[in-house]
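Plus 67 on top of the position in the sequence shown (first one is 1) and you've got the working numbering. Ideal placement from N, C-alpha and C gives every residue a C-beta, glycine not left out. The next block holds one structure in the form of structure tokens; read it before the comments.
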Amino acid sequence: MANLLVTGGAGFIGTNFVYYWLDRRADDRVVALDALTYAGNRASLVAAEEQDNFRFVKGDIRDEAAMAQLLREEKIDTIVNFAAESHVDRSIVGPDAFIETNVIGTHNLLKAAKTVWLDGDDAPATHRFHHISTDEVYGALGATDPAFREDTPYAPNSPYAASKAASDHLVRAYHHTYGLQVSTSNCSNNYGPFHFPEKLIPLMIVNALTGKPLPIYGDGSNIRDWLYVEDHCRGIELVLEKGVIGETYNIGGRNEWRNIEIVREICLLIDKAFATDPGLAKRFPDAPAAAGETTSSLITMVKDRPGHDWRYAVDTTRITDELGFAPAESFESGLKKTIAWMFENETWWRAVMDGSYRAWIDSQYVAR
Ligand code: NAD
Ligand code: DAU
68 MANLLVTGGA
78 GFIGTNFVYY
88 WLDRRADDRV
98 VALDALTYAG
108 NRASLVAAEE
118 QDNFRFVKGD
128 IRDEAAMAQL
138 LREEKIDTIV
148 NFAAESHVDR
158 SIVGPDAFIE
168 TNVIGTHNLL
178 KAAKTVWLDG
188 DDAPATHRFH
198 HISTDEVYGA
208 LGATDPAFRE
218 DTPYAPNSPY
228 AASKAASDHL
238 VRAYHHTYGL
248 QVSTSNCSNN
258 YGPFHFPEKL
268 IPLMIVNALT
278 GKPLPIYGDG
288 SNIRDWLYVE
298 DHCRGIELVL
308 EKGVIGETYN
318 IGGRNEWRNI
328 EIVREICLLI
338 DKAFATDPGL
348 AKRFPDAPAA
358 AGETTSSLIT
368 MVKDRPGHDW
378 RYAVDTTRIT
388 DELGFAPAES
398 FESGLKKTIA
408 WMFENETWWR
418 AVMDGSYRAW
428 IDSQYVAR
């Protein structure tokens with residue numbers, strides 16, 4: 068039995084991880100901690116809160132004393148650190164929050180873990196600090212470059228990526244200097260349920276359903292390597308179960324797509340769904356598909372993201388060969404599931420998109 072602390076547990080991947088773990092580990096206790104920034108949504112955890120072995124705590128990873136107290140109170144032996152500012156565009160217009168949470172927050176969480184797990188008298192028999200990182204720390208690839216490996220030198224290009232790189236280095240340092248039992252995974256682009264609609268895939272679905280432009284940065288040729296979020300959770304589980312302490316593991320889908328191709332694919336899937344289910348036109352009357360028009364008519368080319376990394380691709384040889392990782396979801400099935408989830412969870416995304424957030428996202432691409 069393990070006592071997990073899932074930081075950032077009310078965000079996109081954290082929420083999926085909480086459900087993934089509760090579904091499979093009935094004997095474990097899961098404490099989700101989240102500061103509930105604009106990206107955190109406690110409503111996403113409503114089904115988890117019905118379970119006795121789950122607790123939600125509103126808190127900030129920057130608060131070292133509170134983190135140490137929580138580790139003691141809940142006898143936490145495993146931290147999975149998702150908490151972060153995660154959106155590249157926001158890091159370009161406001162990098163400070165990224166340094167605060169991703170660098171200082173991770174460092175304060177490491178300090179709390181060291182105090183309780185290494186320096187105190189009431190440490191659990193074993194402990195693990197697993198840090199969730201990103202492929203963006205490796206920089207950008209050209210068309211013929213080999214995919215990122217664990218030994219690819221770090222070359223972060225955005226304030227977001229630089230802040231994640233800094234946190235990765237701190238995690239590594241706490242292992243080498245103090246002996247904290249750490250591991251890190253660097254994952255490619257996730258998609259799936261509970262994905263905040265400021266990121267490419269959920270934003271395109273929501274805008275398609277509400278008849279708003281589908282903004283493509285630059286010429287749309289940029290490439291990302293997409294992984295269904297449940298497959299990411301499976302990868303983290305494998306690292307927690309069988310990963311070597313002090314090691315890093317890349318996780319990815321071996322699934323490279325140009326942005327413009329993904330958006331066209333989403334448009335086609337939405338057109339098909341409307342053609343087969345007449346109820347959708349009634350529920351989403353502003354969607355072009357409701358009037359029998361193609362969703363792709365909404366595609367709008369906009370000014371590029373500053374410093375836009377052109378291509379990411381992840382070499383997953385280590386996690387595949389050493390831990391037996393393989394994604395279960397194909398991109399087609401994963402996208403269909405994601406679109407179906409958005410159809411079924413209109414209340415969730417409408418609540419998220421209301422008010423100042425909607426205004427912020429609109430102003431971002433209209434201004435380009
Ligand atoms: P997200 O923005 O949806 O969720 C982040 C969560 O962290 C939010 O719930 C937010 O409220 C919380 N948070 C922010 N600051 C906090 C603080 N100071 N203290 C406590 N909680 C705080 O992000 P996500 O997409 O779920 O990403 C989760 C993690 O995975 C991040 O570390 C991100 O860098 C990493 N990652 C994401 C992807 C992806 O494609 N989304 C890919 C690879 C790695
Ligand atoms: O690679 C992993 C990273 O993936 C994670 O570390 C980040 O937390 C996560 O946000 C994601 O970063 P990206 O910048 O790749 O994701 P985003 O969804 O913002 O953009 C994906 C691509 O789509 C990117 O090339 C920019 C482009 N884009 C994005 C938006 C929001 C558009 O063309 N239009 C848009 O409106």
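Select from L112, K181, G259, G126 the residue whose C-alpha is nearest the C-alpha of T145. Comparing Cα positions, the closest option is K181.
Would you check if there are 3 or more beta carbon pairs closer than 8 angstroms linking the stretch 91-98 to the stretch 306-324? As far as the Cβ criterion goes, the stretch 91-98 does not touch the stretch 306-324, which means the pair count is below three.
With a threshold of 7 angstroms, establish whether the CB of V147 neighbours any heavy atom of the ligand DAU. No, since every heavy atom of the ligand DAU falls outside the 7 angstroms radius drawn around the Cβ of V147.
Closest to A357 by CA distance: which of S363, P345, V311 is it? Comparing Cα positions, the closest option is P345.
With a floor of 4 residues, list each alpha helix (DSSP H) that falls wholly inside the stretch 359-398, ordered by position along the chain. Listed in chain order, the complete alpha helix (DSSP H) runs (minimum 4 residues) inside the stretch 359-398 are 384-390.
Quick one: Cα of E297 to Cα of Y205, how far? If I take the Cα positions, the gap works out to 23 angstroms.
Helix or strand or just coil, what does DSSP make of H198? H198: strand per DSSP, three-state reduction.
Which stretch, first to last residue, makes up the beta strand (DSSP E) that contains K125? Unbroken beta strand (DSSP E) run through K125: 121-125.
What does P282 pair with, by DSSP beta-bridge criteria? Residue pairing for P282: DSSP places it in a beta bridge opposite T367.
Is Y105 near the ligand DAU, with its Cβ less than 7 angstroms from a heavy atom? The beta carbon of Y105 sits no closer than 7 angstroms to any heavy atom of the ligand DAU.
Taking the straight line between their C-alpha atoms, what separation do you get for Q136 and T343? If you take the alpha carbons of Q136 and T343, they lie about 54 angstroms apart.
Checking the sheet assignment: what are the DSSP bridge partners for R472? Past the boundaries of the shown model lies residue 472; the chain is included only from 68 to 435, so the question cannot be answered.
Would you kindly report the start and end of the unbroken beta strand (DSSP E) that includes A207? For A207, there is no enclosing beta strand (DSSP E), as DSSP marks it with neither H nor E.
I'd like to know if the stretch 399-419 and the stretch 250-265 are in contact, where contact means that at least 3 CB-CB pairs between them fall below 8 angstroms. Three or more Cβ pairs closer than 8 angstroms define a contact, and the stretch 399-419 meets that threshold against the stretch 250-265.
Using only the alpha-carbon positions, how far apart do L276 and I337 sit? L276 and I337 have their alpha carbons spaced roughly 9 angstroms apart.
For D163, which option in Y227, E396, D130, P220 has the closest C-alpha, if you only look at C-alpha atoms? The candidate whose alpha carbon is nearest that of D163 is Y227.
Distance cut-off 7 angstroms: S200 Cβ against heavy atoms of the ligand NAD: Yes.
Tell me the residue span of the alpha helix (DSSP H) that contains V296. Annotation: the continuous alpha helix (DSSP H) that includes V296 extends over 296-309.
List the residues that DSSP assigns as beta-bridge partners of D101. Beta-bridge pairing links D101 to K125.
Curious, which full-length alpha helix (DSSP H) runs of at least 4 residues does the stretch 134-183 contain? Here the runs fully enclosed are 155-160, 173-180.
Which stretch, first to last residue, makes up the beta strand (DSSP E) that contains T193? Where T193 is concerned, there is no enclosing beta strand (DSSP E), given that its DSSP letter is neither H nor E.
Sub-8 angstroms separation of R216 and D388 beta-carbons: The Cβ-Cβ distance between R216 and D388 does not fall below 8 angstroms.
G310 and L390: beta carbons closer than 8 angstroms? A contact, by the Cβ cut-off of 8 angstroms.
Cβ-heavy atom distance between S255 and the ligand DAU below 7 angstroms? For the ligand DAU, at least one heavy atom lies less than 7 angstroms from the Cβ of S255.
Using a threshold of 7 angstroms, is the CB atom of K266 nearer than that to any non-hydrogen atom of the ligand DAU? Yes.
Classification of E323 by the beta-carbon crowding that lies within 10 angstroms, buried from 16 upward: Under this definition E323 is a buried residue.
Out of I366, H299, D235, point me to the one whose CA is closest to A395's CA. Here the closest residue by C-alpha is H299.
Can you tell which of L112, G76, I386, D101 has the C-alpha that lies nearest to the C-alpha of D127? D127 has its Cα closest to that of D101, out of L112, G76, I386, D101.
Would a C-beta distance cut-off of 8 angstroms place G285 and H375 closer than the cut-off? Yes.
When you compare only the Cα positions, how much space is there between L112 and Y86? Straight-line Cα distance between these residues: approximately 8 angstroms.
Opposing strand residues paired with I80 [DSSP bridges]: In the DSSP output, where bridge partners are listed per residue, I80 has none listed.
Host alpha helix (DSSP H) of L347 (start-end): Residue range 346-350 is occupied by the alpha helix (DSSP H) that includes L347.
Heavy atom of the ligand NAD less than 7 angstroms from the Cβ of L100, yes or no? Distances taken from the Cβ of L100 to the heavy atoms of the ligand NAD include one shorter than 7 angstroms.
Consult DSSP for I318 and reduce its assignment to one of helix, strand or coil. The answer is strand: DSSP assigns I318 an E or B state.
How many Å lie between P223 and I159 at the Cα? Between P223 and I159, the alpha-carbon positions lie close to 13 angstroms from each other.
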